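Protein chains in written order, with our numbering: chain B, -10 to 169; chain V, 5 to 242; chain S, 306 to 849. Cβ coordinates follow ideal geometry from the N, Cα and C atoms, glycine included. All of these numbers come straight from a predicted model, not from anything done at the bench. Read the structure below first, then the notes.
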């Protein structure tokens, strides 16, 4: 059997979910034997490839780059997993949504709280512009499975992935879907 | 008092005639999920989580306010009921800003626990993200409207257990809001006795002791029931 | 008050009638198009023409054809002047002397008038709502006298039961059964409530009855109170109806002065008082348990039933709640008998129904027709169809709790069962006509917005579910929704309908469900394609 083509992406989140993924420790070796990691913040691939079997998406859709990427991911991936609370619900990333606009957030962060040279970053093509409303991944594209948690503990990731790589319909219940 | 016999989830259950389906089920070890129900204060049937099916009755009935009837066949967890319950939770999570990761009640929250036990792993409805305040004017307690599910457990506790009548609901529909006195800051309330019973009653992180941080807000859930039992039945059972 | 006095008042009133009567509508519709100035101008014109001895100018209630107001009717010539301006009044008065005029005259033989059968509205437009004598002259309070003097309470309940009258507030619960339930309770106190919290968009039936013939409603309430054994009544009327409130206050005061309310009604041992309670604008207070909470001075929110008000209502006492139109039906039933009433209408829906015609229709106004009248007769013949050659597309009945009936179903007779079968409801009588320019998704969105704003917020499905349904409908309107969103909308409709605490939430999805049923294409045309994704693999082979 060909190895499963696995991707992990990091959108608007703190990378804590990926840290938790790395907490899988030696199980990562077992996983590596069964999957080919074709795209991830921890490998050096610039472009999201075609024909991906499984993608774990960390983070919420917070800027235009995220938005474009998530559509590309959906087009090229058979199974998407919302990986962690930000992907599942927006979580902390979406806490700016009640303000409705990006301006007050940027002002607060880059002007009012700046120690030196206060300036709102604006580099078209380099710094992606923020969306007015942060969205959970499934608010943008259909998602197959959800792995809540902030971050989801490694054990939880392992339960999901071991079922998925064996081609089984994953069953997550009880404490395994606890948000927060 | 006359006894009634009925079946709940196929199990024969005996109950006193003034018992509700919820009480009869609990006595028989059958769990029906609830949120607005709180032992010790009167029920309002508002959260709709405890709706059950009864053979021969078209409507779903709230177990917390429906008295048992002889011969009823009650079902508490059909596929349809489970689906409706999950939707109630989805609606609640989408309605306000429930950010478990940074909530004082994380790990001790009835809403969070319900999401887990009812299998709600994501919310299909768009989050409304309303802009809501946190009232930190009281010297002991805080009120975070972002986490409020409007179950009114605090209001009923304030009126019927403490008898202070400080808390109430203002506005209607999605703009409903728990207020203190006539919508004055809590700290300015002239009626609040600072008894803290409302904080004990709150199922989520909406009411909390000042000074607690993420995941620290634990409550003594049995305390209100203890007070009411002591008061009404003269039984001091800890 | 005794019978002789009643007869005397009637005779005096009739004797004082002049050769001509100019009836000028002073109900809210005409008043809003300056009818009060018309009435004043008529008074002045009559005076200036020196006709005071021959002409009475009477302020009356609704004369039905609201779109042509201000309306002035002339007795005994049986002429209806339309769109009367104060400046027209000299010419109008001159017509009494045979001077021809160019004033716009209504055709009283037109289908709009011809097909009407007035029972509830029989005095509307004839009596002066501010004068009890005017009502008494139309045999007002005679039914009450006969009931109190000649019938036992039980017999009154049986009379109403035999008449087949069903509640006109919307649900159509048999009135006699409701009365019997309250009558059979044993309680030291009982209450009668008149629900005048009419709040459906486009509905103005109850408003017109209260403004035009308040004594009729009061008489119905007193008879009901006698039948069920209540000694205190409340009329719960919304603050948005100031004219109705003012006329009710006047009517109650007058009825008290004549000994028709208070201690010893008609010098019998029966006591009954009526107080007015003014609603603060919440639609949900039309729901009976919320209405009672509001009367008690609490937050107007529904509570789960049972217990029903008939068993435990106001302050825990048995309470009879009927709507304005239901009470207005009682005096004629008591006067003319249950069999007369039961002879009108259909097998299961007796009597007449008042509808407020509004929307894309030529003749807007108030109509009263026998139950079972086909919708087509109402909207095409009486209503005159869509204006400016438009095509009627749908008729909305029942307000935010009702549904949209497509033009293809216009031959449906108007009765409780037939409308329910089409996914709508009789409702209280609002009838909004839509033409080909109406977007049905937007109609559903409008009603959902109404329910969302009016949800009391107590139960989760209604409070949060209406918000999400409205959000999804807006998304469809903005062409941003996919078939997934439509599926979610339908799932929410099912959930909110089946899980909400009170009627508001339980019926809030109806406008969506009925437009989905008959106009699904309009939704589908607005949908966006779903995002592209690789084909799914059959689950049997594993997910990869």
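Non-local beta-carbon contacts of residue 127(B) in its own chain, meaning distances under 7 Å to residues more than five positions away in sequence, involve 71 in chain order. Residue 367(S) and residue 330(S) do touch by the CB rule: their CB atoms are close to 6 Å apart, below 8 Å. Of all residues in the segment 28 to 46 of chain B, none has a C-beta nearer than 7 Å to a C-beta of chain V. Per DSSP, the unbroken beta strand (DSSP E) holding residue 47(B) starts and ends at 41 to 47. DSSP, reduced to helix, strand and coil, places residue 55(B) within a helical segment of the structure shown.
Secondary structure at residue 531(S): helix, using DSSP grouped into helix, strand and coil. Rounded to whole angstroms, residue 191(V) and residue 779(S) show a C-alpha spacing of 40 Å. Put simply, the CB of residue 105(V) is near chain B, with a gap under 8 Å to one of its CB atoms. Around the beta carbon of residue 364(S), a 10 Å sphere encloses 16 or more other beta carbons of the protein chains shown; the residue is thus reported as buried. Taking a Cβ-Cβ cut-off of 8 Å, residue 132(B) has no neighbours in chain S, whose nearest Cβ is about 10 Å from it. Under the 10 Å beta carbon count, residue 694(S) is surrounded by fewer than 16 other beta carbons and is classified as exposed. The beta-carbon of residue 66(B) is placed less than 8 Å from the nearest beta-carbon of chain S. With a cut-off of 8 Å on Cβ pairs, the segment 157 to 176 of chain V is not in contact with the segment 118 to 137 of chain V, counting fewer than three such pairs. Residue 44(V) carries a coil assignment under DSSP once its states are collapsed to helix, strand and coil. Taking the Cα of residue 112(V) as reference, the smallest distance to any Cα among 99(V), 146(V), 221(V) and 140(V) is reached at 221(V).
No Cβ of chain S is located within less than 8 Å of the beta carbon of residue 53(B).
Listed along chain S are 836, each with a C-beta nearer than 8 Å to that of residue 60(B). Between the segment 468 to 488 of chain S and the segment 613 to 631 of chain S, the count of Cβ pairs shorter than 8 Å is three or higher; the stretches touch. In this structure, residue 480(S) lies near residue 470(S), with their beta-carbon atoms less than 8 Å apart.
Contact check for residue 531(S) against residue 498(S) fails: the beta carbons are separated by 8 Å or more. Exclusion of the five residues before and after residue 393(S) leaves 408 as the residues of its chain whose Cβ lies within less than 7 Å of its Cβ. Each residue's CA atom was taken as its position, placing residue 143(B) and residue 188(V) some 46 Å apart. Within chain B, 163, 164, 166 and 167 have C-beta atoms less than 7 Å from the C-beta of residue 120(V), given in sequence order. Legend: CB atoms of the segment 15 to 48 of chain V lying less than 9 Å from CB atoms of chain B are not found in any residue.
For residue 98(V), the neighbours in chain S by C-beta distance under 8 Å run, in chain order, 769 and 773. Using a CB distance cut-off of 8 Å, residue 88(V) counts as an interface residue toward chain S. Cβ-Cβ separation between residue 185(V) and residue 170(V): approximately 6 Å, consistent with a contact (criterion under 8 Å).
Taking C-beta separations shorter than 7 Å and ignoring five residues to either side along the sequence, the partners of residue 94(B) in its chain run 85 and 88, following chain order. Contact between the segment 401 to 419 of chain S and the segment 373 to 393 of chain S is present: 3 or more CB-CB pairs across the two stretches fall below 8 Å. Every alpha helix (DSSP H) of 4 residues or more that sits fully in the segment 532 to 570 of chain S is shown, in chain order, as 547 to 562.
Our two residues, residue 121(B) and residue 11(B), have alpha carbons roughly 32 Å apart in a direct line. In this structure, the beta-carbon distance from residue 712(S) to residue 699(S) falls below 8 Å. Put simply, the segment 717 to 731 of chain S does not touch the segment 581 to 590 of chain S. Fewer than three CB pairs are less than 8 Å apart. In the three-state scheme derived from DSSP, where H, G and I count as helix and E and B as strand, residue 602(S) is classed as coil. If you look at residue 673(S), you'll find it in the beta strand (DSSP E) that goes 670 to 675.
Using a Cβ-Cβ cut-off of 8 Å, residue 147(B) does not count as an interface residue toward chain S, since no Cβ of chain S sits closer than that to its own.
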